[in-house]
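Undergrad: Questions regarding the structure given below will be posed in turn.
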Amino acid sequence: KENFSDTNFELIEKFDTLDNLKSSRKSKVSEFLTIQEGCDKFCSFCVVPYTRGAEFSRSFNSIINEAKKLSDNGVREIVLLGQNVSAYKFVDGNKTYNLAKLIDEIAKINSIHRIRFTTSHPNDMDQELIEAFKYQKKLMPQLHLPIQSGSNKILKLMNRKHTREYYLELIAKFKEANPEMEFSSDFIIGFPGEEEQDFQDTLDIINRVNFNSSYSFIYSQRPGTPAVDRDQISLDICKARLLKLQTLLGDIQFKNSKQLIGKKTEILIENKTKTPGQFFGRSKFMHSIFFNSENCNPGDLVDIEITSCNSKNLFGILQKEEVLV
């Protein structure tokens, strides 16, 4: 077990990483827009509440103004960003703005074609936000919704404040609002106390939800967090479980990709690749798609017929050299 002596967290000013984050984005077609920072959830593995502090939302008008500036600069997709973005709430006099209202207002900007948001906590998903996926056509039907573990015992040890049953019910509500919805998630493997049955519960929830992609990691101790002093699981066990989980996630993703072959999908072109005549774009569901064209430009919305795939990417042909927008 590693020994940690420094348990004092360096406080980080709100939104001070926004410029660095934007400058790291290769695509100027899709951009992050930070609307919220901090977290009040205090998951037992996480340092965010200590380093970023309490949840804090930017003013509604400042976000809309920035969205308009991004649009003027050629951005066509905005990804609303926050450590707990679904907790966004700004009070201005007698008006209260939540994430659903913010999405609706950004959608009024004509040249913004797509809106996404990340990252969310399951406990902050209200019915108004769920319904937004039904009526707001610019809100993409793909949601990153971390669960971390499929075991109720581990979720309790993580202080996630919800159960696997609640999470599955939430997924069902989103699918009821929009049957096209697809999901991605985060998983922590080898959290202190995780036994084989807990791990099997996580594999089970992956199969049930059919995630189109996910991030998975072996638990890493964070000094000063409640979980750091608990008995750690052997690294060999963690590595074996991670391999099983990532293999399952990869198999599901590849199976889903193969089912798209022969079908048409709308993509937003993000950039040209280094291969002459080749472009890269993403579908509504965040699928990475490559195709060739002579007449397209980054920022165009086009229809692509999927012709092949590998474990990570899709490949297709442009339909009629026609730009939708």
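If you're matching positions, the sequence shown starts at 4 in our numbering and goes up one per residue. C-beta: ideal position from N, C-alpha, C; glycine also.
#1: Start and end of the alpha helix (DSSP H) containing glutamate 270?
#2: What distance in whole Å lies between the Cβ atoms of valine 88 and serine 123, which are believed to be in contact at a cut-off of 8 Å?
#3: Can you list, in chain order, the stretches of the alpha helix (DSSP H) that have 4 or more residues and sit fully within the stretch 191-227?
#4: Put proline 125 into one of helix, strand or coil per three-state DSSP.
#5: Return the Cβ separation of alanine 175 and alanine 135 in integer angstroms, given the expectation that the two are a contact with Cβ distance under 8 Å.
#6: Below 8 Å on the Cβ atoms is my contact criterion, and I expect arginine 163 with isoleucine 208 to pass it. Report the Cβ-Cβ distance as a whole number of Å.
#7: Using only the alpha-carbon positions, how far apart do phenylalanine 59 and aspartate 43 sit?
#8: Output the boundary residues of the beta strand (DSSP E) element that contains lysine 177.
#9: Classify phenylalanine 45: buried if its beta carbon has 16 or more other beta carbons within 10 angstroms, exposed otherwise.
#10: State the DSSP-derived secondary structure class of arginine 117, mapped to helix, strand or coil.
#11: Would proline 182 be called buried (16 or more neighbouring beta carbons within 10 Å of its own) or exposed?
#12: If you run the structure through DSSP and keep just helix, strand and coil, what is serine 311?
#13: Could you say which of Lys323, Ile192, Lys92 and Lys266 lies nearest to lysine 247 if we only look at CA atoms?
#14: Anyone know if the C-beta pair for asparagine 295 and phenylalanine 283 falls short of 7 Å?
#15: Give the straight-line distance between the Cα atoms of asparagine 259 and glycine 96, rounded to the nearest whole angstrom.
#16: If you measure between the beta carbons of arginine 61 and isoleucine 81, is that distance less than 7 Å?
#17: Can we say the stretch 231-251 touches the stretch 61-78, given the rule of at least three CB pairs closer than 8 Å?
#18: Opposite glutamine 39 in the DSSP bridges: which residues?
#19: Can you name the residues that DSSP bridges to leucine 105?
#20: Figure out for me which residue from Ser314, Val212 and Glu197 has the closest Cα to the Cα of tyrosine 222.
#21: For isoleucine 162, which three-state DSSP category applies?
#22: Could you pull the DSSP bridge partners for serine 291 from this structure?
#23: Select from Ile115, Pro125 and Ile118 the residue whose C-alpha is nearest the C-alpha of alanine 90.
#24: For aspartate 234, does the count of other Cβ atoms within 10 angstroms reach 16, so buried, or fall short, so exposed?
#25: Just curious, the alpha helix (DSSP H) that leucine 146 is in, first and last residue?
#26: Return the CA-CA distance between glycine 319 and proline 301, expressed in angstroms with no decimal places.
#27: Is glutamate 297 helix, strand or coil when you go by DSSP?
#28: Let me know the secondary structure DSSP gives serine 154 once reduced to three states.
#29: Closest by CA to isoleucine 272, which one among Pro279, Gln256, Ala180 and Phe293?
TA: Quick look at the numbers:
#1: Looking up residue 270 in the sequence shown gives position 267. It should be noted that the sequence gives isoleucine, not glutamate, for residue 270. Premise fails: isoleucine 270 lies in the beta strand (DSSP E), 267-275, not in any alpha helix (DSSP H).
#2: Along the sequence shown, read from residue 1 onward, the residue named residue 123 stands at position 120. Along the sequence shown, read from residue 1 onward, the residue named residue 88 stands at position 85. Yes, they are in contact, since the Cβ atoms of serine 123 and valine 88 sit about 6 Å apart, within 8 Å.
#3: 199-212
#4: Translated into the one-based positions of the sequence shown, residue 125 becomes position 122. Three-state result, proline 125: helix.
#5: On the sequence shown, position 172 is the one that residue 175 refers to. On the sequence shown, position 132 is the one that residue 135 refers to. Not confirmed; about 17 Å, so no contact.
#6: Here residue 163 refers to the residue found at position 160 when the sequence shown is read from its first residue. Here residue 208 refers to the residue found at position 205 when the sequence shown is read from its first residue. Actually they do not touch by this definition, with Cβ atoms about 13 Å apart.
#7: In the sequence shown, residue 59 corresponds to position 56, counting from 1. In the sequence shown, residue 43 corresponds to position 40, counting from 1. If I take the Cα positions, the gap works out to 10 Å.
#8: The residue you call residue 177 lines up with position 174 of the sequence shown. A quick correction: the sequence has phenylalanine, not lysine, at residue 177. Segment 167-180 is the alpha helix (DSSP H) holding phenylalanine 177; no beta strand (DSSP E) there.
#9: As a first step, residue 45 is located in the sequence shown; it is residue number 42 there, counting from the start. Exposed.
#10: Translated into positions along the sequence shown, residue 117 becomes position 114. Three-state result, arginine 117: strand.
#11: Taking the first residue of the sequence shown as 1, we reach residue 182 at position 179. Per the 10 Å Cβ criterion, exposed.
#12: On the sequence shown, position 308 is the one that residue 311 refers to. Strand at serine 311.
#13: As a position in the sequence shown, residue 247 is number 244, starting the count at 1. Residue Ile192 is the option with its Cα nearest to lysine 247.
#14: Mapped onto the sequence shown, residue 295 falls at position 292. Mapped onto the sequence shown, residue 283 falls at position 280. No, these two residues do not count as a Cβ contact at 7 Å.
#15: Position 256 of the sequence shown, counted from the start, is the residue given in the question as residue 259. Position 93 of the sequence shown, counted from the start, is the residue given in the question as residue 96. Cα-Cα distance, rounded: 47 Å.
#16: As a working mapping, residue 61 is identified with position 58 in the sequence shown. As a working mapping, residue 81 is identified with position 78 in the sequence shown. Going by C-beta atoms, arginine 61 is not nearer than 7 Å to isoleucine 81.
#17: no
#18: The residue given as residue 39 occupies position 36 in the sequence shown. Its beta-bridge partners are Ser60 and Gly85.
#19: What you label residue 105 is simply residue 102 of the sequence shown in a count that begins at 1. In DSSP, leucine 105 forms no bridge with anything.
#20: To locate residue 222, count along the sequence shown from 1; it is residue 219. Answer by Cα proximity: Glu197.
#21: The residue labelled residue 162 in the question sits at position 159 within the sequence shown. Checking the sequence, you will find asparagine at residue 162 rather than isoleucine. Looking at asparagine 162 - three-state DSSP - the assignment turns out to be coil, as it is neither helix nor strand.
#22: Locating residue 291 in the sequence shown gives position 288, where the first residue counts as 1. Its beta-bridge partners are Arg285.
#23: On the sequence shown, position 87 is the one that residue 90 refers to. Nearest of Ile115, Pro125 and Ile118 to alanine 90, Cα basis: Pro125.
#24: In the sequence shown, residue 234 corresponds to position 231, counting from 1. Counting Cβ neighbours within 10 Å, aspartate 234 comes out exposed, since fewer than 16 surround it.
#25: The residue you call residue 146 lines up with position 143 of the sequence shown. That residue, leucine 146, is in no alpha helix (DSSP H); its beta strand (DSSP E) goes 145-147.
#26: For the purposes of this step, residue 319 is taken as residue 316 along the sequence shown, with counting starting at 1. For the purposes of this step, residue 301 is taken as residue 298 along the sequence shown, with counting starting at 1. Each residue's alpha carbon lies about 17 Å from the other.
#27: Reading the sequence shown from its first residue, position 294 is the one you call residue 297. DSSP places glutamate 297 in coil when its eight states are reduced to three.
#28: In the sequence shown, the residue the question calls residue 154 occupies position 151. Reduced to three states, the DSSP call for serine 154 is coil.
#29: The sequence position of residue 272 within the sequence shown is 269, counting from 1. The shortest Cα separation from isoleucine 272 among Pro279, Gln256, Ala180 and Phe293 belongs to Phe293.
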